[in-house]
Each structure stands twice: as C-alpha cells, then as structure tokens.
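Here the working numbering is used: the sequence shown runs in plain steps of one and ends on residue 473.
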Amino acid sequence: RHLLEIWVSEITFGESFVPLEIEEQIYSPVYGNIAVRDSRGCCSGFTASFTKILFITHLVAFIALTIFLGVQASSHPNPTYKPFAHFIPLASSVILSIIAACFWTILAVTNPAKAIKTSLWTAPVSALGCDVVILLVGDGEALGIGVLIVVIAIAAALYSCWATGPRLQHAAAVLSTSVNGAHLPFSASCLVLFVVLAAFGYMAFWTVAISCISAAEGHFMDFHIVYVAALLVSISWTMQVLRYFVYVAVARLAHAALAHGVRMPGGAVEAFCGTMSGPAFGDICMGAVLVPVIAAVRSFARAINALSGGNDEFLFSCCQGCCLSVSEKLMGRVNRWGFVHVGARGKAFCVASRDVWSLFVLRGMAKLVDSDLTGSFCFLSAVTGGTLASLVAGSWALAMDRDRKELALPISFYSFLIGYYMCRMMIAWPQACVAAYHVAYAENPQNPHLGTLIPDHLRELQALAAD
C-alpha cells in the first residue's frame with residue numbers, strides 16, 4: 007500500500023515535528039478499506055511533458071508576436087488610432103477585473119449564501135447593461151450580438167429562478183463547510199495573490215498586443231485576423247492554466263485537511279512550488295484544454311435535452327440520446343474533480359479523472375456533483391466580472407471616439423474576456439475546496455471531518471426522484 011508521510015503540526019517535541027504515516031485508502035461498505043492506486047498511467051508522463059513543452063513554447067511565441075506587433079505599430083502607425091480611446095479602456099478593464107475577482111472570492115469565503123444569491127441575479131442584469139452599450143454601436147453585427155446577449159440573459163434569469171430551495175441551501179452549506187474545513191494557511195492567500203500578479207503581467211502584454219493590431223498599418227497587417235485568432239487562443243489557454251494551477255495547489259492543501267484532518271508537509275509554499283515544478287503542471291496544461299471542451303459538450307447536451315423535453319420525434323430522440331451518451335462517457339474520462347487527485351496523489355490527469363468519477367458512481371454521487379451549484383456560481387460570478395469590465399470599457403470607447411463607434415464592439419468583447427478569465431482564475435480557490443470535499447467524502451463516507459451534508463442531500467435528491 008502506498009503510504010503518505012504527513013507532518014502533524016499539533017504534535018511537537020521542542021521545535022521538531024513528528025511524522026505520521028497514513029494509509030491512502032477508500033472505504034467500501036462491502037470490502038471495508040480499500041487501498042487507492044496512485045498511478046500516472048503508461049503514456050501519461052509523455053503526454054503531460056509534451057503539453058507542458060507546448061505551453062511554454064506558446065508563451066515564447068506570444069512574447070515574440072507582441073514584440074513584432076509593437077514594432078509594426080511604431081514603424082507604421084495608424085493615424086486614426088487614438089490610444090486614450092482604444093488602449094486605455096482595455097488597460098482599465100484589467101484593473102477592474104482584479105477588483106471584481108477579489109470581491110467575489112472574499113464574498114464566497116466570508117458569506118457563501120449571499121455570494122451565490124448575488125451571482126444569480128447580477129449576471130443577467132449586468133449582461134443586459136452590457137447589451138445596451140453594444141446596441142449603441144448601431145450596426146448589423148452589433149444588433150445580432152445584442153439579440154444573442156438578450157437570449158442568454160433571459161436563460162440566466164430562468165436558471166436563477168430554478169436554482170432555489172434545497173439546491174441553493176446545500177450549495178451554500180457545502181461551500182462554507184469545505185472552505186472552513188480546509189484550514190488554508192495565510193500563506194496560501196499570499197501565493198494566490200502572486201498568481202494574480204502573474205496574470206496581471208500577462209494581461210498587460212496581451213492588451214498591448216491586441217491594441218497594436220488596430221494601431222498598426224502596412225503589408226504585414228493584412229493578416230490581422232490571424233493575429234487576433236492567435237491572441238484569443240493564447241489568452242484562453244494561459245488563463246485556464248493559471249486557473250487550474252490555483253485549483254490543483256489549493257485542492258492539494260484542502261484534501262489533506264478534509265480527508266485526514268492534518269496539514270500537508272511544507273504547507274502552501276510546498277503545494278504551490280511542487281505543483282509548478284512537478285509533473286502535475288503538465289497535467290494542468292493538458293486539462294486546461296480538455297476540461298472546457300468537455301464542459302461545452304456537456305452544456306450542449308443539456309440544452310438539447312431541455313429543448314427536446316418530452317418530444318418523441320425520431321430526430322430529437324436520436325440527437326438527445328447521442329449527446330447525452332457522449333457527454334456521459336467524456337465526463338467519466340475528463341473532469342475537473344480529477345484535478346484533486348492530480349494534486350493530492352500525483353496521478354495523471356486522465357487517470358485521476360477516471361478514478362474520481364468511478365468513486366462518485368460507486369457512492370451514488372454522480373448526479374449530486376454534476377448538479378452542484380458551486381460550478382454555476384463560479385461561472386456566473388465570472389460572467390458578472392466580464393460584463394462589468396465590458397460595460398466600462400465599451401462606454402469609454404463610445405464616449406471618446408464617436409467617429410469610429412464600431413471599434414467599441416471589439417473593445418467590449420476583449421474586455422469581457424479579460425474580466426471573465428480573471429474572475430474565473432481567482433474564484434478557483436473556493437471551488438477547489440468544494441471539489442476536495444466531494445472527493446474526500448467519496449473516498450470515505452465514514453470520515454468524521456465531513457459531517458452529514460452530502461448524505462442528507464442525497465436523501466433529498468432520492469425523495470425528489472421518487473416524487
């Protein structure tokens with residue numbers, strides 16, 4: 007059996023800590039305690055290393071592209087470009103996004119129930135406010151995007167009406183219990199802020215690069231669509247990597263406290279440095295690509311299921327069954343809960359995802375974790391941060407350059423991405439605690455540190471299904 011050496015800070019002799027060995031195992035009602043296999047899989051090491059090298063290469067290419075665009079903007083400037091009207095709004099959206107991200111994280115840690123309720127109504131309201139700015143641009147493209155935003159805002163409002171009652175109470179209770187039970191040290195907050203500073207540095211380069219595309223002319227700028235596409239891919243991947251880096255490091259700390267009631271040896275510094283320098287970083291780079299794709303497929307399957315309803319037509323039934331089947335299989339192989347075992351047990355991401363989901367199925371928790379409102383809270387809070395940044399930046403661009411109102415549309419879009427990804431990264435802290443709580447319970451439902459929140463909610467879900 008794999009043995010984990012954990013330093014217990016409460017048991018000291020002089021100034022030295024006493025090491026304890028704790029067996030890594032899960033509890034089975036039939037077989038008792040079962041040892042947990044810690045494995046990286048046969049080819050996962052190569053895949054993670056390749057993805058890690060690819061990510062670092064992408065960062066080097068991003069810096070080179072930023073320098074190239076800066077040189078082009080300096081040597082072939084666009085006379086119609088106004089930095090105060092076009093660059094400053096993007097730069098201000100970075101600052102506003104950090105403030106919004108800190109607000110949501112602090113609110114989630116201090117008052118989980120209020121945080122979830124606030125996100126449910128602020129997301130659709132702020133989306134409609136952002137929609138007003140986009141419609142003021144006045145062209146056909148803005149009109150189409152505006153109509154789409156209205157539809158999304160209505161869907162978010164309907165979801166907010168649905169996400170009430172026992173679901174909301176359970177999500178708030180789990181969020182509060184997991185964050186408090188994780189006993190994260192103060193150094194963890196400092197290291198999360200260090201990651202925020204790293205994200206700020208990246209965003210500074212990114213805003214310069216995306217602004218230089220509009221500020222430059224010349225032959226090389228005929229490929230501006232390619233540059234924009236490359237920068238959009240870069241910000242998506244980089245911010246997802248930073249998000250799951252925080253997720254894995256915090257989950258590593260939270261899992262030790264929730265599953266064993268002890269603090270991890272080395273504390274937050276060891277958790278963050280080990281995640282950055284170890285093989286887990288390659289798994290994070292790979293998972294940052296796969297998890298959003300699987301989440302999109304899952305959301306599409308749910309949308310098809312909601313639209314089809316009780317329709318028995320062959321086309322609807324086939325599409326619904328196919329989408330649900332594919333999404334279920336993908337969820338069992340790639341999911342964000344697997345990141346808990348990536349950090350806590352050093353498993354490869356795909357192996358960890360499969361093992362964790364198998365535990366959820368074994369405990370009858372698959373539906374519970376899949377419908378948990380914590381993920382929706384993180385998404386809606388990030389949408390709120392993005393729409394607020396878009397609202398401020400778009401209004402600024404419209405007010406400062408009335409002759410080129412069409413530029414307010416891309417500025418609003420880029421500002422939304424900045425706000426969304428910054429909030430998503432910061433809010434990964436409490437989300438990781440919730441994931442560690444669910445995984446710790448799945449490993450051992452008899453764990454005295456976890457209380458009765460999950461079994462009570464499972465009984466509520468079973469009662470609703472029976473009705």
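All C-beta atoms, glycine included, are put in the ideal place defined by N, C-alpha and C.
TODO: Starting from residue 222, follow its DSSP beta bridges and name the residues at the other end.
DONE: 83
Task: Expected contact under 8 Å - CB spacing of residue 190 and residue 256 to nearest Å - done: 7 Å
Open item on the list: Taking 8 Å as the cut-off, does the region 260-278 touch the region 328-343 (at least 3 CB pairs, one atom from each stretch)?
Closed with: no
Task: Assigned secondary structure, residue 58 (DSSP; H/G/I helix, E/B strand, else coil) - done: helix
Open item on the list: Just to confirm my understanding: we take residue 412, look at its own chain, exclude 5 residues before and 5 after, and list those with CB closer than 7 Å. What are they?
Closed with: 143 and 145
Task: Of the listed residues 387, 292, 279 and 76, nearest to residue 425 (C-alpha basis) - done: 387
Task: Same chain, Cβ closer than 8 Å to residue 459, neighbours up to 5 away in sequence not counted - done: Hits under 8 Å: 176, 179, 180 and 183.
Open item on the list: Once the 5 residues before and after residue 213 are set aside, which same chain residues still bring their CB inside 6 Å of it?
Closed with: 96 and 97
Task: Inter-residue spacing [alpha-carbon to alpha-carbon] between residue 300 and residue 434 - done: C-alpha of residue 300 to C-alpha of residue 434: approximately 18 Å in a straight line.
Open item on the list: Here's the rule: buried if 16 or more other CB atoms are within 10 angstroms of the residue's CB, otherwise exposed. What is residue 230?
Closed with: exposed
Task: Beta-carbon contacts of residue 419 that lie in its chain and below 8 Å, excluding the five residues immediately before and after - done: 396
Task: 7 Å CB neighbourhood of residue 427 in its chain, flanking five on each side removed - done: 241 and 245
Open item on the list: Can you tell me whether residue 182 is helix, strand or coil according to DSSP?
Closed with: helix
Task: Minimum length 3: unbroken beta strand (DSSP E) runs contained in the region 132-212 - done: Those beta strand (DSSP E) runs which fall completely within the region 132-212 and span 3+ residues do not exist here.
- [ ] Please find out if some non-hydrogen atom of the ligand COA comes closer than 7 Å to the beta-carbon of residue 235.
- [x] This structure simply doesn't include the ligand COA, nor any ligand for that matter.
Open item on the list: In the DSSP assignment, the alpha helix (DSSP H) including residue 265 goes from what residue to what residue?
Closed with: 230-266
Open item on the list: Here's the rule I'm using: 16 or more other beta-carbon atoms within 10 Å means buried, otherwise exposed. How should residue 454 be labelled?
Closed with: exposed
- [ ] Verify whether the separation of the beta carbon atoms of residue 133 and residue 140 is less than 8 Å.
- [x] Between residue 133 and residue 140, the C-beta spacing is not below 8 Å.
Open item on the list: Using the three-state DSSP reduction, which class does residue 280 fall into: helix, strand or coil?
Closed with: helix
TODO: Could you tell me if residue 423 is buried or exposed, where buried requires 16 or more neighbouring beta carbons within 10 angstroms of its beta carbon?
DONE: buried
Open item on the list: Could you tell me the alpha carbon to alpha carbon distance between residue 430 and residue 101, rounded to whole angstroms?
Closed with: 15 Å
TODO: Answer with buried or exposed for residue 353, where buried requires no fewer than 16 other C-beta atoms within 10 angstroms of its C-beta.
DONE: buried
Open item on the list: Quick check: the Cα distance between residue 219 and residue 366, rounded to an integer number of angstroms?
Closed with: 48 Å
- [ ] May I ask you to verify whether the region 362-380 touches the region 55-69, counting CB pairs closer than 8 Å and requiring at least 3?
- [x] Contact fails: fewer than three Cβ-Cβ distances are below 8 Å.
Task: Stretch-stretch touch, CB-based, cutoff 8 Å, three pairs: the region 343-359 with the region 389-408 - done: no
Task: Validate contact between the region 122-133 and the region 151-167 using beta carbons, cut 8 Å, 3 pairs - done: yes
Task: Residues near residue 78 by beta carbon distance below 7 Å, same chain, minus five either side - done: 218, 222, 224, 226 and 227
Task: Contact set for residue 64: own chain, Cβ-Cβ below 6 Å, skip 5 residues either direction - done: None.
Task: Alpha-carbon spacing of residue 452 relative to residue 440, whole angstroms - done: Whole-angstrom Cα-Cα distance: 18 Å.
Task: Cβ-based burial, residue 201 [other Cβ within 10 Å; buried from 16] - done: buried
- [ ] Report yes if the C-beta distance between residue 208 and residue 71 is below 8 Å; otherwise report no.
- [x] no
Task: Cβ shell of residue 151 (< 7 Å), same chain only, five flanking positions each side left out - done: Hits under 7 Å: 140.
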